Amino acid sequence: MSDYIYGIHPVEEVLCSRGRSVERIWIQRGAKNPRLQKIIHAAKKNQIELCFEEKSRMDERVQAGHHQGVVALCSKKDTYSLNDLLNIPLREGEDPFFLILDHVEDPGNLGAVIRSAAAAGVHGVIVQNRGTAPLGAVAFKRSAGALEKVPVARVTNLVRAMESLKNKGIWMIGACAQSRECYMDMDFSGPIALVIGGERGLRRLVEETCDRMVSIPMKGGAESLNLSVAASLLLYEVVRKRRGKQK
Numbered sequence: 021m022s023d024y025i026y027g028i029h030p031v032e033e034v035l036c037s038r039g040r041s042v043e044r045i046w047i048q049r050g051a052k053n054p055r056l057q058k059i060i061h062a063a064k065k066n067q068i069e070l071c072f073e074e075k076s077r078m079d080e081r082v083q084a085g086h087h088q089g090v091v092a093l094c095s096k097k098d099t100y101s102l103n104d105l106l107n108i109p110l111r112e113g114e115d116p117f118f119l120i121l122d123h124v125e126d127p128g129n130l131g132a133v134i135r136s137a138a139a140a141g142v143h144g145v146i147v148q149n150r151g152t153a154p155l156g157a158v159a160f161k162r163s164a165g166a167l168e169k170v171p172v173a174r175v176t177n178l179v180r181a182m183e184s185l186k187n188k189g190i191w192m193i194g195a196c197a198q199s200r201e202c203y204m205d206m207d208f209s210g211p212i213a214l215v216i217g218g219e220r221g222l223r224r225l226v227e228e229t230c231d232r233m234v235s236i237p238m239k240g241g242a243e244s245l246n247l248s249v250a251a252s253l254l255l256y257e258v259v260r261k262r263r264g265k266q267k
């Protein structure tokens with residue numbers, strides 16, 4: 021199975037990745053961006069098939085996605101098991117910090133959240149196979165290539181995965197607008213997994229499996245933040261609290 025990846029930065033990331041093989045790259049005829057010339061040079065160096073196409077043909081290939089004059093066909097992203105993820109903080113001598121996403125159906129949202137997760141330094145992201153957007157071209161583009169840097173585990177049953185992590189001593193901290201506990205008051209030190217719902221929030225069983233729930237206080241009549249903004253606030257609060265503990 022293969023994926024289309026498009027956009028200058030995502031294709032650059034794929035070319036630098038050791039986890040995927042690139043089969044073919046299409047370049048828009050007449051494109052002048054100097055970064056495209058570097059991609060062409062890298063493709064030739066790595067003996068990757070190069071094709072030059074008109075913009076209209078490339079638009080069709082990625083269904084009018086903003087490709088910036090370059091599209092790559094590459095192998096699908098490797099996924100990890102829960103045990104693989106658990107071994108990462110163990111190797112690094114750090115308390116586990118995972119992000120669990122419950123039914124994020126929009127690939128753009130998924131990519132944007134994973135971009136924030138990469139920047140915050142999470143050890144891995146856990147999603148359920150069913151009900152989660154594919155880790156394809158749209159998610160990759162919105163992640164700005166961060167999908168190449170963040171280990172992702174796709175599981176059959178999210179609640180069972182959460183229970184397995186809890187048995188390893190990892191606390192499940194969920195986000196819910198109805199919680200009375202502000203996220204800024206939570207102690208995020210120690211082994212934790214942030215549990216964030218998709219466009220429709222956390223499902224009941226997922227919420228019930230969480231150890232604690234936090235909310236983001238809203239003022240000025242606003243109902244809620246979009247998913248990627250809310251996830252960024254929570255992720256960076258974990259980073260801030262952990263840095264404070266280290267001082």
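This note's numbering applies: residue 21 is where the sequence shown begins, and numbers increase by one. Even for Gly, the Cβ is constructed at its ideal location relative to N, Cα and C. Just so you know, these numbers come straight off a predicted model, no measurement behind them.
- CA-CA distance, Ala251 to Pro127, rounds to 15 angstroms.
- For Met78, the uninterrupted alpha helix (DSSP H) run begins and ends at Lys75 to Arg81, by DSSP.
- If only uninterrupted beta strand (DSSP E) runs of at least 3 residues are considered, those enclosed by the segment 23-81 are 42-48 and 69-73.
- Only residues of its own chain outside the window of five on either side were considered, and among them Phe117 and Val259 have a CB closer than 8 angstroms to the CB of Gly141, listed in chain order.
- A check of alpha carbon separations from Met206 across Leu255, Glu227 and Ala173 identifies Leu255 as the nearest.
- Here the segment 46-55 makes contact with the segment 67-74; the two share three or more CB pairs at distances below 8 angstroms.
- For Ala137, no pairing in a beta bridge is given by DSSP.
- A check of alpha carbon separations from Gly151 across Ala138, Val124, Leu106 and Val172 identifies Val124 as the nearest.
- Note on the segment 153-193: whole alpha helix (DSSP H) runs with a minimum of 4 residues are 157-162 and 178-187, in chain order.
- Around the beta carbon of Thr176, fewer than 16 other beta carbons lie within 10 angstroms, which makes this residue exposed.
- Here Phe208 is not bridged, per DSSP, to any residue.
- With contacts defined by Cβ atoms closer than 8 angstroms, Leu121 and Ile28 do not form a contacting pair.
- Exclusion of the five residues before and after Ser235 leaves Ala195, Cys196, Ala197, Gln198, Ser199, Arg200, Glu201, Cys202 and Tyr203 as the residues of its chain whose Cβ lies within less than 8 angstroms of its Cβ.
- When the Cα atoms are used, Leu102 and Arg111 turn out to be separated by approximately 15 angstroms.
- In the DSSP assignment, Leu93 falls outside any alpha helix (DSSP H) and within the unbroken beta strand (DSSP E) covering Val90 to Ser95.
- In the three-state reduction of the DSSP assignment, Arg200 falls in the coil class, being assigned neither a helical nor a strand state.
- Remark: C-beta atoms of Ala157 and Ile25 approach each other more closely than 8 angstroms.
- Taking a cut-off of 8 angstroms on C-beta distances, the segment 163-170 touches the segment 32-39, as three or more cross pairs fall below it.
- Looking at the DSSP output, Val234 shares a beta bridge with Ala195.
- Ile212 and Pro54 have their C-alpha atoms spaced approximately 43 angstroms apart.
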